[in-house]
Amino acid sequence: KQEVTQIPAALSVPEGENLVLNCSFTDSAIYNLQWFRQDPGKGLTSLLLIQSSQREQTSGRLNASLDKSSGRSTLYIAASQPGDSATYLCAVRGLGQFYFGTGTSLTVIP
Amino acid sequence: NAGVMQNPRHLVRRRGQEARLRCSPMKGHSHVYWYRQLPEEGLKFMVYLQKENIIDESGMPKERFSAEFPKEGPSILRIQQVVRGDSAAYFCASLATGQGFLHGYTFGSGTRLTVV
Chain A
415 KQEVTQIPAA LSVPEGENLV LNCSFTDSAI YNLQWFRQDP GKGLTSLLLI
465 QSSQREQTSG RLNASLDKSS GRSTLYIAAS QPGDSATYLC AVRGLGQFYF
515 GTGTSLTVIP
Chain B
3 NAGVMQNPRH LVRRRGQEAR LRCSPMKGHS HVYWYRQLPE EGLKFMVYLQ
53 KENIIDESGM PKERFSAEFP KEGPSILRIQ QVVRGDSAAY FCASLATGQG
103 FLHGYTFGSG TRLTVV
C-alpha cells in the first residue's frame, strides 16, 4: 500500500525567503503526482501536476520536481510571500485513487 | 475549486441522525471520488464512483456509510446513525471520462460535518 510522507510538518519563514517542501512515497509505480494548497477551512487548490514521465513542472514562483525511482518530490517556492501561508499537500496517483500526505503547514512572516 | 459543487458547506447533526452530503461534478465529468479529512490527519480515500456504478469502495467503512452516483443528479454520500467520530471534512473530486491518468483531480470546497 502506498505511503506518502511530507517533511517538515510545519515550517515558518520570513517573507522573501526561498523554501523547499519535501514529499516521499513508498511505491514508485505511480502515474502522476499533484501538489495542492489548502487554506484553513477551505477546499484544495491544485498547484502543479507532474506526470510520471516528467522531471519537473513550473508555474510562476512554484517549481515541482519528481524523482520517481527514489520516490521523492519537492516543491520549491521562490521569494515567499505572506499570502503563501497555507497547508501544502502532496498526492500520488496509482491505478485508482490518489494517496495524500498529511501536509506541510507553511507560515510566511511579514 | 470552481466547477465541483458540494453542499451543504457545513452540516450539524445530532448523534444517531442521518447525514447526506451532495457533490455535483464538473460539467462533463462522470467520475467522482470521495475523501474524508479528519482533524490533524491527511485526506483518506473513501469511494470511487462512475455514473450508476461503484468502482472502488475499499476506503468506505462497512457499516453506516453508503454512496451513489445516479444517472441524473449529484453524487450522494450518506452516513446513517452518525457518531462523534464521523465529524470531519468530506471532499469530493471529479474527473472526465477518458482523462484517465493525464489529468489531476478537481476538488470541491468540501462539506464540514459536525456531530454533536
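Protein chains in written order, with my numbering: chain A, 415 to 524; chain B, 3 to 118.
Glycine residues also receive a C-beta, built at the ideal position from the N, C-alpha and C atoms.
- The beta carbons of MET48/B and TYR37/B sit closer together than 9 angstroms.
- Using a 10 angstroms sphere on the CB of ALA91/B, the tally of other CB atoms reaches 16 or more, which defines it as buried.
- Among the CB atoms of chain B, one or more fall inside 9 angstroms of the CB of TYR513/A.
- Under DSSP, ASN55/B forms a beta bridge with GLN52/B.
- CA-to-CA, the gap between TYR35/B and ASP58/B works out to about 9 angstroms.
- Look at ASP58/B: its C-beta is under 9 angstroms from a C-beta on chain A.
- Counting of Cβ neighbours within 10 angstroms places ARG451/A among the buried residues, the total reaching 16 or more.
- Contact with chain B is found for LEU463/A, since one of that chain's Cβ atoms lies less than 9 angstroms from the residue's Cβ.
- In the DSSP assignment, VAL506/A is bridged to LEU447/A, TYR513/A.
- Counting other Cβ atoms within 10 Å of its Cβ, GLY515/A reaches 16 or more and is therefore classed as buried.
- Neighbours of THR516/A in chain B, taken as residues whose beta carbon is under 7 angstroms from its own, are GLU43, GLY44 in chain order.
- The distance from the Cβ of SER483/A to that of ARG469/A is about 11 angstroms, inconsistent with a contact at the 8 angstroms cut-off.
- Chain order gives no chain B residues near LYS482/A, where near means a beta carbon separation below 9 angstroms; the closest approach is about 14 angstroms.
- Around the C-beta of SER487/A, 16 or more other C-beta atoms lie within 10 Å, and the residue is accordingly described as buried.
- Counting only unbroken stretches of 3 or more residues, the beta strand (DSSP E) elements lying wholly within the stretch 450-499 of chain A are 458-465, 470-473, 476-481, 486-491, in sequence order.
- For TYR92/B, there are no C-beta contacts with chain A under 9 angstroms, since the nearest C-beta of that chain is about 11 angstroms from it.
- For ARG114/B, the CB contacts under 6 angstroms within the same chain, skipping 5 residues up- and downstream, are HIS12, ALA91 in chain order.
- Listed in chain order, the positions of the stretch 432-462 of chain A with a beta carbon within less than 8 angstroms of a beta carbon of chain B are TYR445, ASN446, GLN448, PHE450, GLY455, LYS456, GLY457, LEU458, THR459, SER460.
- A distance below 7 angstroms between beta-carbons, with the five flanking residues on each side excluded, links SER466/A to the following residues of its chain, in chain order: ILE444, TYR445, ASN446, LYS482.
- Looking only at SER60/B, GLN19/B, LEU40/B, ALA69/B, the smallest Cα-Cα distance to GLN83/B is reached by GLN19/B.
- Apart from sequence neighbours up to five positions away, the residues of its chain that approach VAL427/A with a beta-carbon distance below 8 angstroms are LEU433, SER494, LEU520, THR521, VAL522, ILE523, ordered along the chain.
- Leaving aside the five residues that flank GLN52/B on each side, the residues in its chain whose CB is nearer than 6 angstroms to its CB run, in chain order, SER32, HIS33.
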